[in-house]
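Last residue of the sequence shown? That's 971 in the working numbering, and every number before it is there in order.
Idealized CB from N, CA, C, for every residue including glycine.
Model, not experiment: these values are computed from the prediction.
Here's the structure, in structure tokens; my notes come after.
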Amino acid sequence: MENTLGKYRWRVVALLFFATTISYLDRQVIALLKPTLEKEFNWAESDYSNLVMAFQAAYAVGLMIFGGVIDKIGTKLGYAIAVAWWSTAGVLTAFAGSTIGFGMFRSLLGLGEGGNFPAAIKSVAEWFPKKERALATGIFNSGANIGAVVAPIMVPFILASFGWEVAFIVTGGVGFIWLIFWWIGYEIPVRQKKLSKEELLYIQSDNEPDTSQEKPVKWITLLGIRQTWGFIFGKMLTDPIWWFFLYWLPSYFSETFKLDLKKPSLELIVVYTATTIGSIGGGYISGYLIKKGWPVFKARKTAMLSFAIAVIPIVFAQYCSNIWQAVVLISLAAAAHQAWSANIFTTASDMFPKKAVSSVVGLGGMAGSVGGILFPMIVGQLLDTYKAQGNITAGYNIIFIMCGCAYLLAWGIMHLFTPRNEPVVI
């Protein structure tokens, strides 16, 4: 059947995948340069956490702004503006000459990257029926992991050969190449001339009304809907854990197990490769259950509960006596997070009409970023406190316990707000 349908929708996923890869490459570079920049600019852990919070605060604003803007101007133009913005900010970071300068450019990066997920999730809603959305989301979301895998290979090489400034210029500049392919290759299905009639009918098989010409829903309206709050709390409690994995795992391995971050790190590559499997596998599992006849919402919730449980073993990282034991536990938790992420994003397009999807994703992403602002404050204070006592590992152990509990709490709150995940009629 797939041969007669055509596969153009999967080309769209490829574009979303590479954009997400570039986005996370731009985010991850500073984590890998952290030991070098700490020495050059005399950063404490709290200084670094302030940079993370600056990014997160701007990212929260960017999600809120782009969520509404993309619903108004469309995915093609909205995504292009976002990528051009954050790529420019990434390149300009090379010219930061102080901690304040880094904070400014990281804020600009976060503001632009706020457009990635609202645009990508809306694109998936436009291009896929519900039974394929989690898989499509899992595939493009795995770009976050590929970016995190590529960075530990690429950044140390650039650092050793050319210096930290060139690392920012190269990683930031890749986004401009992607823009060319996006502008040439993307259009909504009804306007895409390369799309077969059969594939268009398949994309529209859920019989969802075409809302592309309707006015987007106002935020105040969305905030009065309980399903919005279920999504908001789910993101707010779990997004900060991924930010911790992204920004602090390199230094955790460096400080606890003496990993040399000036060389390509197999341990980090293994962790972030596992997250790729989790992202795609998580999307596949709920889609498989739906194809087996499970109701959409039951399949999503069952899958998400299993992923929440899979994170719990990370609390035992404190008992690891060598780095590979820690790698196994952290890989499982990080993979489970990405599986969770693929499904929680899809719940937005399951519950809300297409005209509101980008705005809802923006609101939830903003909440996740607010959590991502608060959590680094805790992380920075804990690590500085225990580092002063000569036992920074104890600080990481407390953080891992918090990570292990976050997903079950989020799942429970989401269930309270959306016990049946009824579709929203606006």
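State the start and end residues of the unbroken alpha helix (DSSP H) segment that holds residue i.
| i | result |
| --- | --- |
| residue 809 | Unbroken run through residue 809: none, as it is neither H nor E. |
| residue 970 | Residue 970 -> no alpha helix (DSSP H), and no H or E assigned at all. |
| residue 732 | Element bounds for residue 732: n/a, residue is neither H nor E. |
| residue 762 | Residue 762 -> no alpha helix (DSSP H), and no H or E assigned at all. |
| residue 631 | 620-637 |
| residue 949 | 937-962 |
| residue 691 | 688-707 |
| residue 928 | 899-933 |
Considering only residues of the same chain and omitting the five flanking positions on each side of residue i, which have a CB-CB separation below 7 angstroms?
| i | result |
| --- | --- |
| residue 703 | 711, 712, 715 |
| residue 546 | Because residue 546 sits at a pLDDT of 45, beneath the cut-off of 50, its placement in the model cannot be relied upon, and the point is left open. |
| residue 951 | 782, 783, 786 |
| residue 939 | 931 |
| residue 954 | 782 |
| residue 822 | 880 |
Quick check on DSSP: helix, strand or coil for residue i?
| i | result |
| --- | --- |
| residue 737 | coil |
| residue 770 | coil |
| residue 600 | helix |
| residue 792 | helix |
| residue 724 | helix |
| residue 865 | coil |
| residue 747 | helix |
| residue 883 | helix |
| residue 675 | helix |
| residue 839 | coil |
| residue 661 | helix |
| residue 642 | coil |
| residue 556 | helix |
| residue 587 | coil |
| residue 579 | helix |
| residue 803 | coil |
| residue 965 | coil |
| residue 546 | Caution is warranted here: a pLDDT of 45 is assigned to residue 546, below 50, making its placement in the model unreliable, and no coordinate value can be reported. |
| residue 551 | coil |
Whose C-beta lies closer than 8 angstroms to the C-beta of residue i among residues of the same chain, with five residues either side of it excluded?
| i | result |
| --- | --- |
| residue 945 | 859, 860, 862, 863 |
| residue 648 | 595, 596, 599 |
| residue 845 | 679, 831, 888, 891, 892, 895, 966 |
Tell me which same chain residues have a C-beta within less than 6 angstroms of the C-beta of residue i, skipping the five on either side of it?
| i | result |
| --- | --- |
| residue 871 | 862, 865 |
| residue 790 | 879 |
| residue 624 | 664 |
Strictly under 9 angstroms for the Cβ-Cβ distance: is residue i near chain C by that measure?
| i | result |
| --- | --- |
| residue 846 | Annotation note: the requested chain C is absent from the structure, which comprises a single protein chain. |
Q. Contact between the stretch 804-820 and the stretch 606-616: three or more CB pairs below 8 angstroms?
A. no
Q. On the three-pair Cβ rule with 8 angstroms, is the stretch 580-600 touching the stretch 917-931?
A. yes
Q: Pair every Cβ in the stretch 594-603 with every Cβ in the stretch 726-741, then say whether three or more of these pairs are closer than 8 angstroms.
A: no
Q) Do the stretch 691-705 and the stretch 573-585 meet, that is, are 3 or more Cβ pairs less than 8 angstroms apart? A) yes
Q. Is the number of C-beta pairs between the stretch 715-725 and the stretch 847-856 that are closer than 8 angstroms three or more?
A. no
Q: Tell me, please, whether the stretch 655-671 touches the stretch 622-640 by the rule of three or more beta-carbon pairs shorter than 8 angstroms.
A: yes
Q) Taking one C-beta from the stretch 632-650 and one from the stretch 675-693 each time, how about it: are there three or more such pairs within less than 8 angstroms? A) no
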